[in-house]
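Have a look at the structure below before the remarks.
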Amino acid sequence: AQSVAQPEDQVNVAEGNPLTVKCTYSVSGNPYLFWYVQYPNRGLQFLLKYITGDNLVKGSYGFEAEFNKSQTSFHLKKPSALVSDSALYFCAVSLVNDYKLSFGAGTTVTVRA
Amino acid sequence: GAVVSQHPSWVICKSGTSVKIECRSLDFQATTMFWYRQFPKQSLMLMATSNEGSKATYEQGVEKDKFLINHASLTLSTLTVTSAHPEDSSFYICSVSRRQNRAFFGQGTRLTVV
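Protein sequences, first through last, are from chains A and B.
Heads up: the first sequence is residues 1 to 113, going by the numbering used here.
Heads up: the second sequence is residues 1001 to 1114, going by the numbering used here.
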């Protein structure tokens, strides 16, 4: 079984400040980890993924995430948030040999000007 | 990557009627597609795995006769909500998975049953 927890329903930051969206996972085996972003009434857009290798993963739109095996975490970060980053963010996990994704509950990010 | 097109983007139907949602993989032959349901400000719930040329695999609690899935070709899967009721109103999203399980999503379909 696999699961994802996003402990914060909502994150509010001022434009220009650092943004962090938290994610922890539980999986029996080696995980593939993903972050997706969703804008209102739209499908999900891929931001980044961790498969193997370097624990720091860089993705689209200036986002990055750090895989921490000991803490089973995969927090999403952006050094300087933009108003346009306001959206719903999902962390997801899958096992290496299984296409099924398990999603976290999502975190709504609001960046104020 | 993969381009996934979902149609329609939104639909309003009367209670008791059926609605068909199409999911097309435009540049990739997908033997497997996934259908999700999303309630407002909530996560995606996997409904079923659509398998080309065979029966879909439904998640626990999802009614097979209510949500009919057909995957007749490598580029098209359809989800038909039969005898729709207001509680079926939701946002439905399909996806295709490629290398290393990266998923590509359709733009979603907003279904409103009145």
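Where is the CB? At the ideal position from N, CA and C, for every residue including glycine.
Since the model is a prediction, treat every value here as computed from it, not as a measurement.
Integer Cβ distance of L1079/B from I1069/B, believed to fall under 8 Å: With a contact defined as Cβ atoms closer than 8 Å, L1079/B and I1069/B qualify at about 6 Å.
Proximity of W1010/B and C1094/B at Cβ, strictly below 7 Å: No, Cβ-Cβ distance for W1010/B and C1094/B is not below 7 Å.
Beta strand (DSSP E) segment containing E64/A, residue limits: Per DSSP, the continuous beta strand (DSSP E) segment holding E64/A begins and ends at 64-68.
Cutoff 6 Å; reference Y39/A; Cβ partners in own chain excluding five residues on either side: A87.
K69/A burial status per 10 Å Cβ neighbour count (16 or more: buried): When all chains shown are included, K69/A counts as exposed.
T1109/B burial status per 10 Å Cβ neighbour count (16 or more: buried): Its Cβ being crowded by 16 or more others within 10 Å, T1109/B is buried.
Where Q1040/B sits in the DSSP three-state scheme: A small correction: the amino acid at residue 1040/B is Pro; Gln does not occupy that position in the sequence shown. Here P1040/B carries a coil assignment [DSSP, helix/strand/coil].
Residues of its chain near D85/A, where Cβ-Cβ distance is below 7 Å and the 5 sequence neighbours each way are ignored: Around D85/A: L19, K78, V109, V111.
Rounded Cβ spacing between Y36/A and L44/A (contact assumed at less than 8 Å): Taking C-beta atoms under 8 Å as the contact rule, Y36/A and L44/A qualify, at a distance of about 4 Å.
8 Å Cβ shell around V1062/B - same chain, five flanking residues per side excluded: These residues qualify, in order along the chain: M1047, A1048.
CB contact flag (N1101/B, Y99/A, <7 Å): Yes; because the gap between Cβ atoms is below 7 Å, this pair is in contact.
Short-range partners of chain B found in the region 41-68 of chain A, where Cβ spacing is below 7 Å: Listed by position along the chain: N41, R42, G43, L44, F46, K49, I51.
K22/A to Q1042/B span [Cα, whole Å]: K22/A and Q1042/B have their C-alpha atoms spaced approximately 16 Å apart.
CB contact check: L33/A to chain B, cutoff 7 Å: Chain B contact via Cβ: absent.
Cutoff 7 Å: S1043/B Cβ touching any chain A Cβ: So, interface residue.
CA nearest to the CA of F1067/B, picked from T1017/B, S1073/B, T1031/B: Here the closest residue by C-alpha is T1017/B.
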